[in-house]
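Here's the structure, in C-alpha cells; my notes come after.
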Amino acid sequence: MPFDDLLVNSGVLVLYGLFVLLTVAALILARWVKARGNLQLQAGLLSPLGSLYTLTTAFLLSNVIFQFTNLRTAVTQEVVTISKLGAVMSVLPPEQRVEARRLLYDYGESIARDEAITMRQGLPSDTTQVAIDRLRDFLATSDASPPPTLPKTPETANYFRKASDFGFDLIDARERRLSLARQTFPFRLWLAIAVMYFALALLTFLVQGGAWTTTWAATILLLAAPVPAVMLYVYANPIALGLLDITTIVEAVMERSLS
Amino acid sequence: MPSLAAEPGIGPRSILIGQSAAFSGPSGALGREYREGAHEVFDQVNAQGGIHGRQLVMVYRDDRYEPGLAARNTARFLQQDKVFALFGYVGTPTVKAALPLIERDQVPLIAPLTGAQLIRKPLNRLIFNVRASYHQEIEAIIRYLVRFGRRGIAIAYQNDAFGRDGLKGALESLGRRKLRPVAVVPVPRNSSRTDEAARRVALARPDAVLLVSTYGTVASFVANLRRHQSDAQVMNVSFVGSNALAKALPPALRHGIGISQVVPFPWNPRVTVVRDYQNTIRRNRSSADYGFSSLEGYLAARMLVLALEKAGPNPTRAGLIRAMESMGTVDLGGYRVTFAPDRRNGSDFVELSFLVGQQGTFIH
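Order-wise, the sequence lines are chains D and Z.
Last residue of the first sequence: number 306 in my numbering, and the count goes up by one each step with no gaps.
Last residue of the second sequence: number 377 in my numbering, and the count goes up by one each step with no gaps.
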C-alpha cells in the first residue's frame, strides 16, 4: 500500500506539510476577513481556544502513550518468555536441547528480522508464524520430553511443568505485541485536531495588528502547535518510527540468554 | 637439576616440541586459534618452573594447510631442529604427508587437529588423538538430521584425504540407516571456487547438506547455495573452524549453520575445564576471546603436559609414548580422555552447535 508506506516513512514530514498548509490557509482567510472591514476581536479569546486545543491533544496523547507502554511491556514479556523457555530446555539431552533451542532461536530471529518489519504496518509475518508453529510442533512431540531415565531434579520437574506454559505464553505474548504494534488512530480524530488548529491559527492572525507581528505569530504557531500531533503520530507508530527497536531488544536477549 | 639426556629435543633446561600447522593462508585461523589455546597452557607451565625443571619450547612452522609444506616442515623439525615430539598438526592431508617421516624417526605426534581414520585405524602407536574422530562427528550429525526429519542429505566434501575420510564416514552412517545421499560433490581445498558444486547440490533439493571442508571454502559454498535458492540445513564437522567460519560468513548467512564440536562449549563455565580455560585466558589477556579451536588447543596442551610430567625427569620418546599409553582415563574437568596400549582415540566427546542470529553467536 503506497499511501501507507508514504505515511510510515515520511509521516512526520507529511504532518508538518499539512500544518503549513493550514497555517497558510488561515493567514489568507484572516487577510481576506480584515480586508473586508474592521473586525475587533479580543486577544483574550486565544486563551480558552489554546487551552481547548492543548487539552484535547494531551488527552489523546495520554491514550497513545498508555498503549505504547503496554506494547513495550508486551515485548519485554515476550522476550522474557523466550529466555525462560530457553533456560528450562537446558535439562533436555544434548541432541534434543540443541534442536529445541535452534527452533526457539529461529522464532526469535524471525521476530527480529521479519516481523519487526511487517509490524510497521501492524501485520504479522508468515515466516514468524511458520517458526512458532514448528516450535509448537516440537513441544508437542516426545522429542521435547526428557528421557524417563533422567534423574528427577528441581530443574527437570520444572521443565515438565513450565515448558508447555511458556509455549502458550509465547503465543499470547505475540498476539498482544501484534495487536498493540500499530494503533488505529481514526481519520475523524485527525480531522478534529486539524480543525482546532485551523481555528487557533485563524484567531491568532485575526487578533494581530501589523504584518511583522503576524509573521512572528505564524512562525511561533508553526513551531509549537503541531508538536502534540507529531507526538501522537510517533507514539501511534512506535515500531515504524524507531521508538521501539524490536530487532535490538530480541537479539540482545537471545545473545545473553541462549548462548 | 635434570641430567642432560641424549634424546633429541631434550636440553638441560628445555624440551623442544614442533608444531606444523596452517598459521596463514585460507585456513590459517585454524592453526592460529589452536596455537593460542595451547600457548596459554605452555606459558602457565613455564611460568611455574616448567616440567621437571625444563621449559617447554615450541617451534612453530607454517604449512598453510598444504601437504608438501607440512612434509618439509616435519623434515626440518626432525633433522634441523631435532625436536623431542610433534604436537598439534592441523589437518588430514598435512598429517598424511608427514606420516612417513614420523614413522621413520619414531617420533610421537600428540593431539593432531584432525579426526581422520587414517591415523586411527589401523592403530598407529606413535599418534595420540585427543579429539573424537570425524566418523563420530558425522554419525552425530546424521543421527540428528534423520531424527528431526531431514532425510534428504547431500554431501559436499573437500577433494583430499580429509574430505574423502568425511565422505566415507557419511556414506557409512547413512548406509546404517538404509539411506543414500541425494548428491555427492567435491569442493577444492583452500579455494572459494564453489559455485558449480553449490549449483549441483541445490539442484538435488536436499533437506540438509553435510560439508566436509574448512571455513573459507564453506563460507563461499553457503553463499552460493543460498544464491541458488536452497534453504537446506548446512552442517559441518568441527575442523571447519567454528569461530573463523562465523567471521567468514556474511551476517545475513550466519543464522542456522550447524557445526559438530569435539570439545565442550567454550562459553559454558559450568564445565570445570572450561572455567579453567576461561580463567587462564582472562588472566593472560586483556580481551577474552574464547573459541572451539582454542579450547581444543588448550585441552591438547594439558594432555601433553601431563604426559611429559609422567615421562619423568629424563624423558625419552619411547618413555613419552609409554606415559601416554599408561594414562588410563584422565578427567580434565568435565572432559574425559582415555589412552591405553590399544587405544589412541582419547575422547569420544561430540556435541552439536549452531550459529544463530547475525552476530555469530553459538548455541549448543
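Note that beta-carbon positions come from the ideal geometry of N, C-alpha and C, so glycine has one too.
For a contact meaning CB atoms closer than 8 angstroms, what does residue i contact in chain Z?
i: Y282 of chain D; result: What Y282 of chain D touches in chain Z: nothing, since even the nearest Cβ is about 29 angstroms away.
i: Y154 of chain D; result: Those within 8 angstroms of Y154 of chain D in chain Z number zero; the least Cβ separation is about 11 angstroms.
i: P15 of chain D; result: Chain D is shown only over 48 to 306; residue 15 of chain D falls outside these bounds and no answer can be derived.
i: E302 of chain D; result: G370, Q372 and T374
i: E298 of chain D; result: G370, Q371 and Q372
Pull the bridge partners of residue i from the DSSP assignment, please.
i: V200 of chain Z; result: Z:Q171
i: G31 of chain Z; result: Z:V72 and Z:L99
i: Q246 of chain Z; result: Z:A221
i: I23 of chain Z; result: Z:I28
i: V343 of chain Z; result: Z:V350
i: R212 of chain Z; result: Its beta-bridge partners do not exist; DSSP assigns none.
i: R356 of chain Z; result: Z:A353
i: N142 of chain Z; result: Z:N358
i: L122 of chain Z; result: Z:L99 and Z:I140
i: I166 of chain Z; result: Z:A221
Could you list which residues in chain Z have their beta carbon closer than 7 angstroms to that of residue i, in chain order?
i: R20 of chain D; result: Any property of residue 20 of chain D remains undetermined from this structure, which presents chain D solely from 48 to 306.
Buried or exposed: where does residue i fall if 16 or more other Cβ atoms within 10 Å of its Cβ makes it buried?
i: F141 of chain Z; result: buried
i: V369 of chain Z; result: buried
i: L112 of chain Z; result: buried
i: P121 of chain Z; result: buried
i: Q242 of chain Z; result: exposed
i: E185 of chain Z; result: exposed
i: F215 of chain D; result: exposed
i: R267 of chain Z; result: buried
i: K199 of chain D; result: exposed
i: K134 of chain Z; result: exposed
i: D212 of chain D; result: exposed
i: S291 of chain Z; result: The sequence shown places Gln at residue 291 of chain Z, rather than the Ser named in the question. Flag for Q291 of chain Z reads buried.
i: K260 of chain Z; result: exposed
i: A221 of chain Z; result: buried
i: F207 of chain D; result: exposed
i: S16 of chain Z; result: Residue confidence is low: S16 of chain Z scores 48 on pLDDT, short of 50, so the model does not pin down where it sits. No coordinate-derived value is stated.
i: I75 of chain D; result: exposed
i: D361 of chain Z; result: exposed
i: F106 of chain D; result: exposed
i: S98 of chain D; result: exposed
Please compile the residues from chain Z whose C-beta is within a distance smaller than 9 angstroms of the C-beta of residue i.
i: V145 of chain D; result: Y157, G271, E364, L365, S366, F367, I376 and H377
For the beta strand (DSSP E) holding residue i, just list the boundary residues, first then last.
i: T374 of chain Z; result: T374 to I376
i: L368 of chain Z; result: E364 to V369
What span of residues does the alpha helix (DSSP H) with residue i cover, start to end?
i: G229 of chain Z; result: Y228 to R240
i: T104 of chain D; result: L93 to V135
i: T266 of chain D; result: A258 to A271
i: N205 of chain D; result: P201 to A228
i: I158 of chain D; result: From DSSP, I158 of chain D is part of no alpha helix (DSSP H); its letter is neither H nor E.
i: P275 of chain D; result: V274 to A283
i: Q255 of chain D; result: Element bounds for Q255 of chain D: n/a, residue is neither H nor E.
i: V159 of chain Z; result: Y147 to R160
i: L291 of chain D; result: Counting along the chain, L291 of chain D falls outside any alpha helix (DSSP H), and DSSP gives it neither H nor E.
i: A331 of chain Z; result: R330 to E338
i: I179 of chain D; result: D173 to L186
Along chain D, which residues have their Cβ under 8 angstroms away from the Cβ of residue i?
i: F161 of chain Z; result: E146 and D190
Output, in chain order, the set of chain D residues within a Cβ distance shorter than 9 angstroms of residue i.
i: H268 of chain Z; result: Y152, D153, E156 and R160
Within the present structure, is the beta-carbon of residue i separated from the nearest heavy atom of the ligand SAM by less than 7 angstroms?
i: A178 of chain D; result: Among the ligands in the structure shown, none appear at all, so the ligand SAM cannot be discussed.
> Can you list the beta strand (DSSP E) stretches of 3 or more residues lying completely in the segment 56 to 115 of chain Z, in chain order?
Replying inline: Counting only runs of at least 3 residues, the segment 56 to 115 of chain Z fully encloses the following beta strand (DSSP E) elements, listed from N- to C-terminal order: 68 to 75 and 98 to 100.
>> To test your reading of the DSSP string, which unbroken alpha helix (DSSP H) runs of 4 or more residues are found completely within the segment 249 to 306 of chain Z?
In response: Within the segment 249 to 306 of chain Z, the runs of alpha helix (DSSP H) that reach at least 4 residues and sit entirely inside it are, in chain order, 255 to 261, 264 to 267 and 285 to 297.
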